[in-house]
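Respectively, the protein sequence lines represent chains A and B. Residues 1 to 349, numbered by the UniProt record's numbering, are exactly what the first sequence covers, in order. Residues 1 to 349, numbered by the UniProt record's numbering, are exactly what the second sequence covers, in order. Cβ atoms here follow ideal geometry from the backbone N, Cα and C, with glycine treated the same way.
2 protein chains.
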Amino acid sequence: MRATILHATRDIRLEEVPDPTILRPTDAIVRVTATCVCGSDLWPYRGINEVRSPRAIGHEMVGIVEEVGPEVRTVRPGQFVIAPFRYSCGECAHCRAGVHTSCVRGGQGWGGLDGDGEPTPACQGEIVRVPFADGTLVATPEVPDDAMLPSMLALSDVMATGWHCAVAAGVQPGETVVVVGDGAVGLSAVLAASRLGAGRVVAMSRHEPRQAVAREFGATDVVAERGDEGAERIRELTDGVGADRVLECVGTGDSMSQAFASARPGGTVGFVGVPHGVEVPIGTMFRSNIGLAGGVAPVRAYLEQLRDDVLAGEIDPGKVFDLTLPLDQVAEAYAAMDERRAIKVMLRP
Amino acid sequence: MRATILHATRDIRLEEVPDPTILRPTDAIVRVTATCVCGSDLWPYRGINEVRSPRAIGHEMVGIVEEVGPEVRTVRPGQFVIAPFRYSCGECAHCRAGVHTSCVRGGQGWGGLDGDGEPTPACQGEIVRVPFADGTLVATPEVPDDAMLPSMLALSDVMATGWHCAVAAGVQPGETVVVVGDGAVGLSAVLAASRLGAGRVVAMSRHEPRQAVAREFGATDVVAERGDEGAERIRELTDGVGADRVLECVGTGDSMSQAFASARPGGTVGFVGVPHGVEVPIGTMFRSNIGLAGGVAPVRAYLEQLRDDVLAGEIDPGKVFDLTLPLDQVAEAYAAMDERRAIKVMLRP
Chain A
1 MRATILHATR DIRLEEVPDP TILRPTDAIV RVTATCVCGS DLWPYRGINE VRSPRAIGHE
61 MVGIVEEVGP EVRTVRPGQF VIAPFRYSCG ECAHCRAGVH TSCVRGGQGW GGLDGDGEPT
121 PACQGEIVRV PFADGTLVAT PEVPDDAMLP SMLALSDVMA TGWHCAVAAG VQPGETVVVV
181 GDGAVGLSAV LAASRLGAGR VVAMSRHEPR QAVAREFGAT DVVAERGDEG AERIRELTDG
241 VGADRVLECV GTGDSMSQAF ASARPGGTVG FVGVPHGVEV PIGTMFRSNI GLAGGVAPVR
301 AYLEQLRDDV LAGEIDPGKV FDLTLPLDQV AEAYAAMDER RAIKVMLRP
Chain B
1 MRATILHATR DIRLEEVPDP TILRPTDAIV RVTATCVCGS DLWPYRGINE VRSPRAIGHE
61 MVGIVEEVGP EVRTVRPGQF VIAPFRYSCG ECAHCRAGVH TSCVRGGQGW GGLDGDGEPT
121 PACQGEIVRV PFADGTLVAT PEVPDDAMLP SMLALSDVMA TGWHCAVAAG VQPGETVVVV
181 GDGAVGLSAV LAASRLGAGR VVAMSRHEPR QAVAREFGAT DVVAERGDEG AERIRELTDG
241 VGADRVLECV GTGDSMSQAF ASARPGGTVG FVGVPHGVEV PIGTMFRSNI GLAGGVAPVR
301 AYLEQLRDDV LAGEIDPGKV FDLTLPLDQV AEAYAAMDER RAIKVMLRP
């Protein structure tokens with residue numbers, strides 16, 4: 001089969017690799033229907049995270065189950081399934097508590113070694129071996145048509161991550177929510193805040209196509225300013241009080257500062273961007289009672305609910321995909337996202 | 001009247017100062033029945049916070065209303081009142097949201113300039129001018145007897161602060177809670193967690209008298225170890241999982257590290273110690289989805305409920321006072337707390 005391998009900074013290639021096979025009785029083999037490029041894939045692609053040796057990459061996919069191990073109970077060949085960006089056993093204390101990303105058997109995740117030291121394929125390829133299929137995959141009642149593919153694929157990471165940000169921040173009906181970051185996760189966080197009943201959702205974005213998606217997702221206001229000016233605009237919009245919840249969906253020091261500068265006393269900052277150079281302003285948190293919650297999203301905990309919301313037409317998170325390419329153009333997919341020509345690129349094997 | 005003035009590091013004196021008088025129609029004058037020394041008073045006393053010029057000190061008191069301004073509606077002369085460690089207008093957006101410590105009219109607090117630039121007395125004295133009496137003070141139905149004084153006085157700061165820590169951390173019935181810090185606030189946090197229904201409350205303390213109070217307050221386990229050993233003991237007590245909630249009641253870098261090392265993935269650290277040299281481990285928070293919430297406690301938000309709990313005999317937070325001295329021995333009170341000869345000292349004018 002073919003799979004995407006990151007060789008070095010900006011050197012990404014689709015290559016022939018051996019087909020994965022069932023290694024354990026809890027495994028499933030899934031043929032990928034669609035996969036995509038994540039903003040976090042750009043960290044190693046850009047060389048900000050070092051690439052020491054060639055590695056398989058990609059952690060988002062939907063597909064059709066081809067084969068299951070003898071102990072798999074909840075999915076069967078022929079079913080369409082959504083895979084979270086981390087696999088999880090579903091049975092340890094952390095999985096049972098809904099923190100599947102801390103699964104004690106989760107190993108290094110897609111493309112790394114699993115808990116037994118066996119390599120797992122990554123998701124930007126044609127076929128994936130899924131460890132702990134029961135604890136990882138969620139199936140749909142029927143195979144969805146192509147129109148629904150983007151929204152199902154969005155649940156694999158970005159929509160569930162935006163949702164986690166809003167849930168971790170504690171968004172309540174009627175509240176004012178500011179979203180920092182207009183990438184696919186930030187836009188998904190706008191949709192999540194809106195779906196959770198926020199009365200006002202302010203998207204901080206200066207890119208018109210992204211502003212348009214934010215408004216489709218329920219943003220009531222758009223603030224194009226950043227830094228001190230951005231914080232001042234948020235104060236103006238909130239009668240000088242600040243936002244009840246701020247969803248930080250980038251992960252840089254600047255975006256975290258923007259988030260804290262936008263929050264009201266007693267408010268909460270939710271965060272889901274992988275932190276790079278973030279210093280938490282503990283003095284501000286103390287003086288103003290601003291909480292900080294979030295982290296790597298336990299997608300599996302939300303997946304059934306979000307799948308049902310997509311099937312019911314309540315949310316349409318697939319709108320974050322503004323470009324679809326065949327898998328053999330994966331290098332162009334990375335370049336398009338790197339250069340911000342695309343919000344998020346779907347890849348079809 | 002006499003009031004406590006901090007002149008320089010470890011130079012604390014009771015001195016004659018002018019009696020305060022009503023300055024604004026929303027003021028009240030309160031004659032102090034009891035006041036006390038706070039752990040946070042030790043920061044300037046020890047010279048860790050610089051003392052640039054002599055300043056009145058103390059922010060906890062209960063007393064009898066002597067006089068009220070013409071606009072005061074909720075308290076009247078002769079009533080026994082509890083004063084939170086910050087005064088608050090009760091009417092601004094932050095007060096209405098229950099974050100009274102961010103009151104826009106709160107000025108510098110007791111002993112500093114008020115919102116109009118007028119000095120306010122501090123609380124370790126005989127008479128206090130209370131700005132915004134309606135938004136600040138909470139009265140009891142009757143004047144309590146001396147036996148109840150310590151518990152009423154504890155509501156002024158430490159009990160409400162421990163309560164805030166537990167509430168901010170989101171303690172739920174049945175959960176496992178670890179308390180870092182065995183000062184009066186830490187012990188109060190044990191009581192708060194217990195009152196909120198925690199199934200297991202682990203007090204981290206190596207001082208026997210404090211361990212004893214912790215057990216009286218509902219601690220089910222005591223861990224004397226600190227650092228890596230302390231974290232290992234918490235893991236042992238929780239089947240390797242960690243605590244659902246950790247209440248950080250000190251404010252140092254070491255205590256915050258201890259807190260994060262004790263929390264389970266998906267758990268929350270509550271914090272109420274004034275941060276001194278704290279670096280928040282944002283990478284750990286991200287990877288393990290551990291939240292951080294708390295800050296300077298908005299005592300006024302909890303005061304009616306806690307007063308009723310004391311009156312009903314549900315809680316007895318006054319046990320944190322293990323020494324009572326006349327106000328003219330205030331220097332000895334500071335020394336006793338500084339040298340950890342006393343957990344918390346009550347002063348009677």
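Where residue i sits in the DSSP three-state scheme
i, result
"T238 of chain B", "coil"
"R264 of chain B", "strand"
"D41 of chain A", "helix"
"L23 of chain A", "coil"
"G181 of chain A", "coil"
"F286 of chain A", "helix"
"R348 of chain A", "strand"
"R86 of chain B", "coil"
"L323 of chain A", "strand"
"G63 of chain B", "strand"
"L247 of chain A", "strand"
"R300 of chain B", "helix"
"P209 of chain B", "helix"
"C36 of chain B", "strand"
"V72 of chain A", "coil"
Cβ neighbours of residue i in the same chain (closer than 8 Å, five flanking residues each side left out)
i, result
"R307 of chain B", "I82, V138, T140, M152 and L155"
"G98 of chain A", "P298 and A301"
"D328 of chain B", "R2 and L14"
"P173 of chain A", "L196, G197, A198 and G199"
"V51 of chain A", "L6, H7, A8, T9 and P44"
Neighbour flag for residue i against chain B, beta carbons, 7 Å
i, result
"N289 of chain A", "yes"
"L292 of chain A", "yes"
"S156 of chain A", "no"
"F286 of chain A", "yes"
"A231 of chain A", "no"
Contacts around residue i, its chain only, beta-carbon distance under 7 Å, and the 5 residues preceding and following it disregarded
i, result
"D316 of chain B", "S151"
"R206 of chain B", "A224"
"C89 of chain B", "C95, C103, R105, F132 and G135"
"E175 of chain B", "A198, G199, D244 and R245"
"E332 of chain B", "L325"
"V330 of chain B", "T4, I12, L14, Q124 and L347"
Alpha-carbon to alpha-carbon, residue j and residue i
i, j, result
"E248 of chain B", "V272 of chain B", "7 Å"
"A147 of chain B", "P349 of chain B", "16 Å"
"V246 of chain A", "D145 of chain A", "35 Å"
"W110 of chain B", "T120 of chain B", "6 Å"
"R235 of chain B", "V177 of chain B", "12 Å"
"H59 of chain B", "G125 of chain B", "10 Å"
"G112 of chain A", "R86 of chain A", "11 Å"
"Q211 of chain B", "P281 of chain B", "29 Å"
"P25 of chain B", "G266 of chain A", "29 Å"
"V68 of chain A", "R76 of chain A", "7 Å"
"K344 of chain A", "Y45 of chain A", "15 Å"
"M256 of chain B", "G181 of chain B", "10 Å"
"V171 of chain A", "A192 of chain A", "9 Å"
"V37 of chain B", "R215 of chain A", "54 Å"
7 Å Cβ cutoff, residue i in contact with chain A
i, result
"H7 of chain B", "no"
"H94 of chain B", "yes"
"P44 of chain B", "no"
"S102 of chain B", "yes"
"I82 of chain B", "no"
"G295 of chain B", "yes"
"V280 of chain B", "yes"
"G174 of chain B", "no"
"G266 of chain B", "yes"
In DSSP terms, what residue i is bridged to
i, result
"R55 of chain B", "B:L6"
"A293 of chain A", "A:G270"
"E15 of chain B", "B:A3"
"G125 of chain B", "B:A3"
"D221 of chain B", "B:V202"
"P119 of chain B", "B:L113"
Beta-carbon proximity list for residue i, same chain, < 6 Å, skipping 5 on both sides
i, result
"V274 of chain A", "S40 and G251"
"A342 of chain B", "D322, L323 and A336"
"G63 of chain B", "V30, R31, V32 and T33"
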